[in-house]
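Enquirer:
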Amino acid sequence: MRVGVFICHCGNNIAGTVDVARVAEETRKIPGVVYSTDYMYTCSEPGQDEIKEAIRREGLNRVVVAACSPRMHELTFRRTVEKAGLNRYFFEMANIREHVSWVGENKEANTNKAIEAVRMAVMKVMQDKALYSSSFKVNKRVLVIGGGVAGMQAALDCADGGLETVIVEKSPSVGGMMARLDKTFPTIDCSICILGPKMVDVAQHELITLHAYSEIEDIKGYVGNFQVKVRKKATYVDWSKCTGCGECMEKCPGKNAYDHFNFGVAPTRAINIPFPQAIPKKAKIDPKFCRQFLKGKCGVCAKVCPTKAINYEMQDEIVTEEVGAIVVASGYGLIDQDLLPEYGGGRYPDVITGIQYERILNASGPTSGHIERPSDHTEPKTIVFVSCAGSRDKSVGIPYCSNFCCMYIAKQAILTKDHVPDSQSYVFYMDIRSPGKGYDEFTRRAQEEYGARYVRGRVSRIFPKGKKMIVRGADTLLGTQVEIEADLVVLATAVTASPGAAQLAEKLHISYDTNGFYVESHPKLRPVETNTAGVYLAGAAQGPKDIPASVSQGSAAAAKALSLLSKDMLESDPAIARVNTNACVGCMKCVKTCPFQAIKEEVLRSGKTVAQVIETVCAGCGVCTATCPCGAIQLQHFTDNQLLAEVNALCQM
Amino acid sequence: MNRERLKEAVAEILPGVDAVIAYGQGFDAAHGEPCFVTKKEELEGLILNPLCEHNLASYLPSRKNKKTGVVVKGCDSRTIVQFLQEGLVKRENLVIIGVPCTGVVSAKKLARALDHQTVEEVRFEGETVIARTPRGEKRIALADVSPDKCRTCRYPTPLIYDVLVGEPIESDKDPAAVYDDVRELMGKSLEERKAYWEKEIGRCTRCYACRNACPLCVCQDSCIAETRDPHWQSQRSNLSEKMMFHFIHAIHLAGRCTECGECERACPMDIPLGKLKKKINMDMLDLFDYVPGIVCEDKPPLYTFKVEEKKIEEHEL
Amino acid sequence: MSDVTANKELRIVGFLCNWCSYGGADTAGVGRFKQPTDLRIIRVPCSGRVDPLLVAKAFANGADGVLVSGCHPRDCHYSEGNYYARRRLEMLKRFLPFIGIDEKRFHYTWISASEGQRWQKTVTDFTKRIHELGPAGKAVLDPADKAVEEMAS
Amino acid sequence: MEGTAGPYDASVRIVMKRLGATLNDPPDWSCCGSTPAHAVDHAFAAALAARNLSIVEKMSCATLTTPCPSCLSAFKKAQRRMAKNKVFAGEVNSLLDAPYNCTVTAKSTLQVIYEDIGLDEVASAVTTEIPDLKVAPYYGCILNRPPEVAGFDDPENPVSMDRVLEAVGVKVVDFAFKVECCGAAFGVPKKETVTYLTAKVLEMALDAGANCIAVACPLCQQNLDLRQAQVNAATGGTFNIPVLYFSQIMGLAYGYSPEELGIDKCIVSADSLIRSRKPMDAPVEGQEAPKKKAAQGE
């Protein structure tokens, strides 16, 4: 056994609070260690060359690097030792930066801690076994969850890259939030006009399969080979027949169905096509409002449908898709007004949310683009915008900034002036957050060219007075209380994780933060990857994002999927469970506890029954190893002996 | 306990099985021992009395695929139920002869009561044991020489059987008292408990008799107390290694031990090994409302989980 | 081990799952959240990998405290590992005092990769607790041991 | 309570009695400390409140109820802080002859009626209807705020009083200033503030179509009622809207006389409104009608 140890200064990051020279010197005394040195930046190219050189010069067959976290550079150094001809698993890292130099103040204690961390790594590396990854075929198809702009971008990029792509969208049409917007900042170009073509591309691309009005039921498998069950929810309309003529919607007597697309600004029909540009442009019935379902008699749509597409007996259908990579672009949600009782909590019709206002501004919206008060359909002259309605407010449980409200409020103020020239907009804000190309100029235009009055302060209460809504708030710049008699109040309600985000995360085995947004595997360097191989993030599912950011992340996720699936075979991680058939007594307790059903019973020629690991299915958690009473099933690279070596290194008797 | 009816029952099933595991007379009058009956002629050797202390179910996993008949007392039957829970035996390969039991004799306790004299004859009159030694006859109450498990026995009648020899018996023991011995020890201070086990386990010779006798020690020859890979412990016979061995045994039996008492019966050093497992059983009952070896359909608690654990709370620092 | 630290420090072993808690400890490092230096970290893929016997072994070898930390329930990278861990470790925590090991010396908890501060607090509080309890003290030597030690010396 | 708020005291006792709840006065109760005390010293303020709580503990009553929100929050604050902070609790108890062990909880009378007695009970006792009455329920600033202390009803849009009054068959208007500050506390130092704030509340009540304001706080009652003249003088307004305790309105609905309920003591007379009251025709319907309203209420 010839172990070489390399202690990294990491500039001053480690050397500042750890006596690296002494660590190297103490390490040299450990039996088995034949070479030990310290180096300024071990991860740098010369640093890595130094390692390769030492392996040759000193004939090392095991290597330990004491530096940063293995989560940072383990892979780097594994490649290094491999280049020098060692098996990549004959390498261990001692984390003396994140776990030592950065968190301990006493240099002597740190140094001592570092020495022991290294001793531990040395003991482990001496127990390490050579491991060889086997390769397996990948399924060159991609699943995109969510048909918003991020999801569509990802899907189109993947498909253009030649990969079959499946989109699962939970609402009846793709387009997501962007399809609902009127104009987009900072260019004021028509949202649906620039999104529409993308939606059409999605529909027409021969490599894209779209499951609209569908949800993820269950996901099994692993990178390269996922099996996904998709629940196609019953629309009660046979979409293979439906031409989207809209005849049914015309005649439907169920006139007050809740309009999800318009966020309830106005009612829609029980059978409806969400919006003119919908993709697919198909009708669906909302049983909650359909007379046929409520009263058991009506059938008007069935009568008028020219293609006889209506089917009241329709049931949910489960289809299975096999894919190699998954892009999660499930989008975001918005808080309900009831969380804001001081603003009326939804009791006042003329206090609406930003997204509702978008629909009112929108030419294809319920008011055909005429700005009116929901209460009496009159044209408002004084409009007050309240930013941070819930955002940056611990008492509502939302500590974070919703990212794009400042910008769309400025946009809506500008559009309001366009629609109603004699109107006056007020904007209550905490801070104007407009860090983006042309963004700050845009908010200034809203103020300077369109005369929107910006009031720095929070709104304490909104209440009705006659036909008006009184908005009372603080003007922290004037240091006084202000009251504005508004005709219409628009709340920039806080952005949240999309409903059901947590359940989806559990199906995907990815993690989500305290606010329900999905967690990327590194905040800076791996922003679209998750900790589950083959699953990537795009759009606001990972955190509040505006359109350009969502689109770029969509493309980024697609790039990741493309590069993953550019290979025909993937290398399996050899750090999985193995059974020592001599030791296995066939009690099959491991089978009972394996979270992945990766262990099966097998009868050897000798007639002995033993456990057998299905290599491609095993994810390497090691629950089986902790279950096995006779230590017959061992998680490679984390075997009992390897962990015991570390324990013994720490606590000698 | 009716020997004649047992012989009939064994004779009846014998043709259909590979062997019937029953009790025969041991090396002296004070001991019973397991005996494998394969032929009618061997029936005469059978005994059925309080000397039938062993848990014969222990042999079953090694005969998983052989059709086997077995004689079990109430306590022993729980072992079979546990085997079935864990899939260690096949029900269809078992013919179970159950015998309701009013308590057995601990050979060790009897020897002690007779001051380790040679035993020439042992008779039973109801609840009394009459033993003849060179010093003459001695009458001893069965309760005084029965193993601890009998004193809190809740299941005198087997929980699972194909044939029942004798009439079912109801337990007259208090269910609450089962874990009194554990509670008593827990009542002591940490230091006292430490000292207690250092004294008890200090006597251990690492002969592994307890492990070999244990019906639920599935590993047998690949026990990690002896292997090098994984190398959990050295062969040194010092206290911490002894402790470690018994720790292993206890943890491996967590939520599985049916408290048949074989470990204590087999231990030449009289170490109260049952207590270790009973403590964990007590916690399993409290945490998961689970008692090993009662219901065949149960799942041992450590091989399953609930997303919301009612009884497990986060521990504060 | 240098005498100074030898006298000051106690031996605390931490088993951390790679995906959440080890990441949480990294996050604490990146945030420069200062911590006591006693604890040593052993990285495992999942809290479900932590065999109760590993904890027992650490104590048998003279550890003064053992900490196990995994992903929060529902958030396990392997979806179920920490559920098994929870049952095993709870069983262990209740068993330790029976054989004379103070259950306060053993703690298991859930810390996510984003909870650097929570990690800092856990390490600080647990280390404080162990120092309040003092050294665990080795099992008394029995003759077998004495003999070996004499031979050694 | 027996002083300026006599009518509140009387009406609450009558109503609770009618609803079959027994009220035991704590023997030798003392001042709760209210607003002034905590300005001096927190432990001292808490002690004043805790003293009463500990007396009630000895009476082996589960809850201490007070109609006055100010007392209530004094009690609840003491209770909360002592339960959360053992050190503080020790400090406070050292000031008391008998320690308070945080076993009894303080509740406002409104809360007891709304949660413990229940709307059905409330409705079933109704015997009289008052058709002309249109009430604006005014909860005041501290009855259910701060939420973590009060732990009752919505801090911004409370509804308990609305429901209770609806249950006794009274028309309740949607009132936006339920928890608006009436400025009472500034009565002495800054009169113009009070008149300004009070005017807003009164005005909003009228705008909302109310002809009467219901309150659950002696200070609010006194302020809104007593100061209307001042307000009119200061703002040139013509306010003349009666301000009644919710308990007084309940009393009327239960058929008690204005005198018993101390309504005659109001500065702004309520006679014109309550003249309209008449007994329910048949007792059966009399039972029915309010029940229905109660149902709507929920």
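Chains as they are written, first to last, in our numbering: chain V, 15 to 667; chain B, 85 to 401; chain L, 5 to 157; chain U, 38 to 335. Ideal Cβ positions, reconstructed from N, Cα and C, are used throughout, including at glycine. No experiment lies behind these values; they were computed from the predicted model shown.
1) What are the residues that DSSP puts in a beta bridge with Ala511/V?
2) In the DSSP assignment, find the beta strand (DSSP E) that holds Glu117/B and state where it starts and stops.
3) Which one of Asp373/B, Glu205/B, Tyr387/B and Ala350/B has the shortest CA to CA distance from Leu337/B?
4) Determine the contact status of Val104/B and Gly153/B, defining contact as a CB-CB distance below 8 Å.
5) Buried or exposed: Asp654/V, going by 16 or more other Cβ atoms within 10 Å of its Cβ?
6) Alpha carbon to alpha carbon, how far is Lys171/U from Gly246/U? Give it in angstroms, no decimals.
7) Return the chain-ordered list of same chain residues with a C-beta closer than 6 Å to the C-beta of Ala297/V, the five sequence neighbours on each side being excluded.
8) I need the straight-line Cα distance from Ile134/L to Gly18/L, nearest angstrom please.
9) According to DSSP, is Met96/U part of a helix, a strand, or is it coil?
10) Note down the Cα distance separating Lys317/V from His523/V, rounded to an integer number of angstroms.
11) Can you confirm whether Glu229/U, when its beta carbon is compared against all beta carbons of chain V, has any partner nearer than 8 Å?
12) List in chain order: all unbroken beta strand (DSSP E) runs of 3+ residues lying wholly within the region 72 to 156 of chain U.
13) I want to know whether the region 237 to 249 of chain V touches the region 319 to 333 of chain V - three or more CB-CB distances under 8 Å.
14) Quick check on the burial criterion: 16 or more other C-beta atoms within 10 angstroms. Buried or exposed for Glu185/U?
15) In the DSSP assignment, find the unbroken beta strand (DSSP E) run with Phe19/L in it and report its ends.
16) Are the Cβ atoms of Ala195/B and Ala114/B separated by less than 8 Å?
17) Spell out the partners DSSP gives Ala215/B in its beta bridges.
18) Could you check whether the Cβ of Gly104/L sits closer than 8 Å to any Cβ belonging to chain V?
19) Exposed or buried, which one is His200/B when buried takes at least 16 other CB atoms within 10 Å?
20) What three-state label does DSSP hand Asp587/V in the structure shown?
21) Tell me whether the region 555 to 562 of chain V and the region 614 to 628 of chain V touch, counting them as touching only if at least three CB pairs, one residue from each stretch, are closer than 8 Å.
22) Give me the chain L residues within the contact set of Ala309/B, using Cβ-Cβ distance strictly less than 9 Å, ordered along the chain.
23) Count the other CB atoms within 10 Å of the CB of Arg53/L; is the residue buried (16 or more) or exposed (fewer)?
24) Hey, would you say Val17/V sits closer than 8 Å to Gly46/V, going by beta carbons?
25) Which residues in chain L sit within 7 Å of Val78/V, going by Cβ to Cβ distance?
26) State the CB to CB distance for the pair Ser344/V and Ile647/V, rounded to an integer number of angstroms; the pair is presumed to be in contact (CB under 8 Å).
27) Taking only beta-carbon positions, decide if Gln39/L is within less than 8 Å of chain V.
28) Residues of the region 125 to 158 of chain V in Cβ contact with chain B at a cutoff of 8 Å, in chain order, please.
29) Lys148/B lies in the beta strand (DSSP E); which residues open and close that run?
30) Locate the alpha helix (DSSP H) running through Tyr371/V, then write down its first and last residues.
31) Within 10 Å of its beta-carbon, does Lys154/V have 16 or more other beta-carbons around it, so buried, or fewer, so exposed?
32) According to DSSP, is Tyr532/V helix, strand or coil?
33) Between which two residues does the beta strand (DSSP E) containing Ser50/V stretch?
34) Output yes if chain B places a C-beta closer than 8 Å to the C-beta of Cys635/V; else output no.
35) Express the C-alpha separation of Glu346/B and Gly69/L in angstroms, rounding to a whole number.
36) Within the continuous alpha helix (DSSP H) that includes Val173/B, where are the two ends?
Expert: Put simply:
1) To locate residue 511/V, count along the first sequence from 1; it is residue 497. For Ala511/V, which the question treats as bridged, DSSP gives the partners Tyr346/V.
2) Here residue 117/B corresponds to residue number 33 of the second sequence, with the count starting at 1. Boundaries of the beta strand (DSSP E) around Glu117/B: Gly116 to Val121.
3) Taking the second sequence and counting its residues from 1, one reaches residue 337/B at position 253. It is Tyr387/B whose Cα lies nearest to the Cα of Leu337/B.
4) In the second sequence, the residue the question calls residue 104/B occupies position 20. In the second sequence, the residue the question calls residue 153/B occupies position 69. Between Val104/B and Gly153/B, the C-beta spacing is below 8 Å.
5) Indexing the first sequence from 1 puts residue 654/V at position 640. Asp654/V should be labelled buried.
6) Here residue 246/U refers to the residue found at position 209 when the fourth sequence is read from its first residue. Here residue 171/U refers to the residue found at position 134 when the fourth sequence is read from its first residue. One alpha carbon belongs to Gly246/U, the other to Lys171/U, and they sit about 7 Å apart.
7) Along the first sequence, one-based indexing puts residue 297/V at 283. Correct list, in chain order: Val251, Cys256, Cys262, Ile285 and Ile287.
8) The sequence position of residue 134/L within the third sequence is 130, counting from 1. The sequence position of residue 18/L within the third sequence is 14, counting from 1. C-alpha separation (whole angstroms): 13 Å.
9) Along the fourth sequence, one-based indexing puts residue 96/U at 59. Note: Met96/U maps to coil in three-state DSSP.
10) Here the question's residue 317/V lines up with position 303 in the first sequence. Here the question's residue 523/V lines up with position 509 in the first sequence. Each residue's Cα considered, the two are about 47 Å apart.
11) Walking along the fourth sequence from the start, residue 229/U turns up at place 192. By this cut-off, Glu229/U is not an interface position.
12) DSSP runs (the beta strand (DSSP E)) wholly in the region 72 to 156 of chain U: 100 to 103 and 142 to 145.
13) A contact exists between the region 237 to 249 of chain V and the region 319 to 333 of chain V.
14) As a working note, residue 185/U is residue 148 in the fourth sequence. Exposed is the call here.
15) Within the third sequence, numbered from 1, the residue matching residue 19/L stands at position 15. It spans Ile16 to Cys21 - the beta strand (DSSP E) in which Phe19/L sits, taken as one unbroken run.
16) Position 111 of the second sequence holds residue 195/B. Position 30 of the second sequence holds residue 114/B. In this structure, Ala114/B lies closer than 8 Å to Ala195/B by Cβ.
17) As a first step, residue 215/B is located in the second sequence; it is residue number 131 there, counting from the start. Paired residues: Val206/B and Lys222/B.
18) Against the third sequence, residue 104/L aligns to sequence position 100. Not one chain V Cβ lies under 8 Å of Gly104/L.
19) For this step, residue 200/B is matched to residue 116 along the second sequence. If you draw a 10 Å sphere on the C-beta of His200/B, you find fewer than 16 other C-beta atoms in it, and that means exposed.
20) Numbered from 1 along the first sequence, position 573 holds the residue referred to as residue 587/V. Taken through DSSP and simplified to helix, strand or coil, Asp587/V comes out as coil.
21) Put simply, the region 555 to 562 of chain V does not touch the region 614 to 628 of chain V. Fewer than three CB pairs are less than 8 Å apart.
22) The count along the second sequence starts at 1 and reaches residue 309/B at position 225. What Ala309/B touches in chain L: nothing, since even the nearest Cβ is about 11 Å away.
23) Sequence index remark: in the third sequence, residue 53/L carries index 49 (1-based). Buried: at least 16 other Cβ atoms inside 10 Å.
24) On the first sequence, position 3 is the one that residue 17/V refers to. On the first sequence, position 32 is the one that residue 46/V refers to. The answer is yes: Cβ separation under 8 Å.
25) Along the first sequence, one-based indexing puts residue 78/V at 64. Ordered by position in chain L, no residue passes the 7 Å Cβ test against Val78/V, which lies about 14 Å from the chain.
26) On the first sequence, residue 344/V is found 330 positions in, with the first residue counted as 1. On the first sequence, residue 647/V is found 633 positions in, with the first residue counted as 1. No, Ser344/V and Ile647/V are not in contact; Cβ-Cβ is about 37 Å, not under 8 Å.
27) On the third sequence, residue 39/L is found 35 positions in, with the first residue counted as 1. In terms of beta-carbon proximity, Gln39/L lines the interface with chain V, with at least one pair separated by less than 8 Å.
28) Correct list: empty, as no residue qualifies.
29) Within the second sequence, numbered from 1, the residue matching residue 148/B stands at position 64. Unbroken run through Lys148/B: none, as it is neither H nor E.
30) Looking up residue 371/V in the first sequence gives position 357. Gly368 to Leu375 is the span of the alpha helix (DSSP H), which, as asked, contains Tyr371/V.
31) Here residue 154/V refers to the residue found at position 140 when the first sequence is read from its first residue. Classification of Lys154/V: buried, given that the 10 Å Cβ count is 16 or more.
32) Position 518 of the first sequence, counting from 1, holds the residue named residue 532/V. Tyr532/V sits in a strand when the DSSP states are folded into three classes.
33) Counted from its first residue, the first sequence places residue 50/V at position 36. In the DSSP assignment, Ser50/V falls within the unbroken beta strand (DSSP E) covering Val47 to Tyr53.
34) Start at 1 with the first residue of the first sequence, and residue 635/V comes out as number 621. No - not a single Cβ of chain B is within 8 Å of the one on Cys635/V.
35) Your numbering for residue 69/L matches position 65 in the third sequence. Your numbering for residue 346/B matches position 262 in the second sequence. Whole-angstrom Cα-Cα distance: 34 Å.
36) Taking the second sequence and counting its residues from 1, the one referred to as residue 173/B is at position 89. Per DSSP, Val173/B belongs to no alpha helix (DSSP H) and is neither H nor E.
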